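What follows is a short report on a single structure.
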Amino acid sequence: MTPNRWSDLSRPPLNQTALRRALLHEKHPLWTHLEVLDSVTSTNTELVSRTRAGEARPGTVLVAEEQTAGRGRLDRAWSAPARSGLFFSVLLRPHAAAERWGWIPLLAGVAAAGALARTAGVDTGLKWPNDILATGADEERKIGGILAERVDDEHVVLGIGLNVTLREDELPVPTAGSLALAGAQGTDRDPILRAVLRAFEDWYGRWSAADGDPASSDVLEAYAAGCVTLGRSVRAMLPGGEELLGEAVAVDGDGRLVIASEQGVQRPVAAGDIVHLRPATGK
Ligand code: BTN
12 MTPNRWSDLS
22 RPPLNQTALR
32 RALLHEKHPL
42 WTHLEVLDSV
52 TSTNTELVSR
62 TRAGEARPGT
72 VLVAEEQTAG
82 RGRLDRAWSA
92 PARSGLFFSV
102 LLRPHAAAER
112 WGWIPLLAGV
122 AAAGALARTA
132 GVDTGLKWPN
142 DILATGADEE
152 RKIGGILAER
162 VDDEHVVLGI
172 GLNVTLREDE
182 LPVPTAGSLA
192 LAGAQGTDRD
202 PILRAVLRAF
212 EDWYGRWSAA
222 DGDPASSDVL
232 EAYAAGCVTL
242 GRSVRAMLPG
252 GEELLGEAVA
262 VDGDGRLVIA
272 SEQGVQRPVA
282 AGDIVHLRPA
292 TGK
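Per the working numbering, the very first residue in the sequence shown carries number 12; after that it's consecutive.
Here it is in C-alpha cells:
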C-alpha cells in the first residue's frame with residue numbers, strides 16, 4: 012500500500028486550522044503567519060530563502076511534517092521520519108543589539124525545555140549550548156535541538172526540532188531519545204507545538220523588553236538553572252580541533268560556557284561540542 016497521511020494512525024497530521032486559531036490572534040502578537048508544509052528540504056532553509064526574497068514577515072512560523080534535508084548545528088544533518096516530531100522555524104526581527112542575538116537560541120532552549128516538561132510531564136534539561144535532553148533517573152538523551160541562523164542585519168531564523176514519537180529502532184544515534192521513549196504523558200503534537208511557541212513568545216518578550224540583557228530579563232538565571240552541563244566534568248571539542256577537559260562552572264553574560272581546568276584556570280568557550288563525563292560531586 013502506498014503510505015498516505017492516514018497510514019500511520021499513531022502519527023496523525025498537524026491541524027493547521029486549529030494551530031492558526033490558537034496562535035494567530037491578539038493574545039499572541041509575536042506570531043503573524045503559520046503554515047504547515049507536508050514536505051520541505053528544511054524549514055530553516057525555506058524560511059531563510061523566503062526572507063531573502065522578501066516573502067516572509069517577522070513572526071512567520073513554518074512547520075513541516077517532513078524534512079528531506081534537515082540541518083543541525085556544526086553542519087550536521089537532522090533527520091527524522093515524517094510526523095515523528097515537530098520540525099519548525101520562526102522568523103524574528105530582534106530589536107536588541109546584534110551582539111546579544113546569541114541569546115536567542117539559548118532562551119529558546121529555556122522555553123522549549125520548560126514547555127515540554129509542563130505539557131508532556133517529562134523531566135528535561137539543557138546541554139550547553141542548546142540541546143534539549145530528557146533527563147531520566149540514570150540517563151540523559153537528546154530529544155531536541157535548535158539551530159539559529161542570522162539572515163541579514165535585521166533577521167534571524169530560529170529552527171527547532173523535537174523528537175516526539177520516535178521509536179528506539181528509529182533513533183539516529185544511541186544518545187538520542189524522544190518524548191515517547193521518556194514516558195511522556197501525551198504525544199499529541201498540536202498542544203506541544205502551541206505550548207513551545209507560547210513559552211518562546213513569553214521569554215523572547217522578556218528578553219526584548221530588557222533590550223536583550225540576559226541578566227535583567229532573568230534569561231541567564233533560568234538558563235543556568237536548566238543547564239545540566241553546569242557542575243559537570245566535560246570534554247569540549249572546539250572548532251579548530253582543540254580539546255579541553257575540565258569542569259563547567261558557569262555560563263557568562265555572552266552565553267559562553269566557562270570551563271575550569273584541574274589547575275583552576277577558567278576559559279570561556281563560545282562554540283563547540285560538549286561531552287558530559289562523570290557527574291561532579293554534589294550534582
Ligand atoms: C542540532 O541539534 O544540531 C540542531 C537541530 C535543529 C533541527 C531543526 S528541525 C527544524 C529546523 N530546520 C532545520 O533544518 N533544522 C532545524
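Beta carbons: idealized from backbone N, C-alpha and C, even for Gly.
Just so it is clear, the structure is predicted and the values come from calculations on it, not from any experiment.
Buried versus exposed, by CB contacts within 10 Å (16 or more), residue i
i	result
Leu256	exposed
Gly81	buried
Gln277	exposed
Ser228	buried
Pro40	exposed
Ala281	exposed
Thr135	buried
Lys38	exposed
Ser100	buried
Pro185	exposed
Gln274	exposed
Ser53	buried
Glu76	buried
Glu66	exposed
Glu212	buried
Ala295	Any answer about residue 295 is impossible in this case: the structure gives the chain only from 12 up to 294.
Leu137	buried
Gly70	buried
Pro92	exposed
Gly216	exposed
Leu192	buried
Ala108	exposed
Leu177	buried
Ala123	buried
Proximity of residue i and residue j at Cβ, strictly below 8 Å
i	j	result
Thr43	Arg61	no
Ser95	Arg22	yes
Ala131	Leu204	no
Trp218	Val207	no
Val239	Gly194	no
Gly223	Ala247	no
Gly113	Gly266	yes
Val175	Leu117	no
Val121	Gly242	no
Leu288	Val245	yes
Ala119	Leu169	yes
Ala145	Ile154	yes
Ile143	Leu127	yes
Leu103	Val72	no
Arg201	Leu30	Note that residue 201 is Asp in the sequence shown, not Arg. Yes, the pair counts as a contact, with Cβ atoms nearer than the cut-off.
Ile270	Glu258	yes
Pro183	Ser90	yes
Gly264	Leu158	no
Ala220	Val262	no
Val162	Pro105	no
Gly347	Ala210	Lying outside 12 to 294, the shown extent of the chain, residue 347 is not represented and no answer is given.
Thr79	Ser50	yes
Leu268	Trp139	yes
Gly172	Gly156	yes
Glu160	Asn55	yes
Bounding residues of the alpha helix (DSSP H) (the contiguous stretch that carries residue i)
i	result
Gln27	Gln27 to Leu34
Ala148	Per DSSP, Ala148 belongs to no alpha helix (DSSP H) and is neither H nor E.
Boundaries of the beta strand (DSSP E) in which residue i is found, first to last residue
i	result
Asp229	Segment: none, Asp229 is in no beta strand (DSSP E) and carries neither H nor E.
Ala261	Glu254 to Val262
Asp284	Asp284 to His287
Arg246	Ser244 to Met248
Leu204	First-last for Leu204: Arg200 to Ala220, but that is the alpha helix (DSSP H), not the beta strand (DSSP E).
Leu182	That residue, Leu182, is in no beta strand (DSSP E); it is neither H nor E in DSSP.
Asn174	Val167 to Asn174
Val269	Leu268 to Ala271
Pro279	Gln277 to Val280
Glu37	Note, Glu37: premise wrong, no beta strand (DSSP E); not H, not E.
Leu48	His44 to Leu48
Just to confirm the assignment: which complete beta strand (DSSP E) runs, minimum length 3, are found wholly within the region 51-139?
Within the region 51-139, the complete beta strand (DSSP E) segments of 3 residues or longer fall at 71-75, 96-103 and 135-138, listed in chain order.
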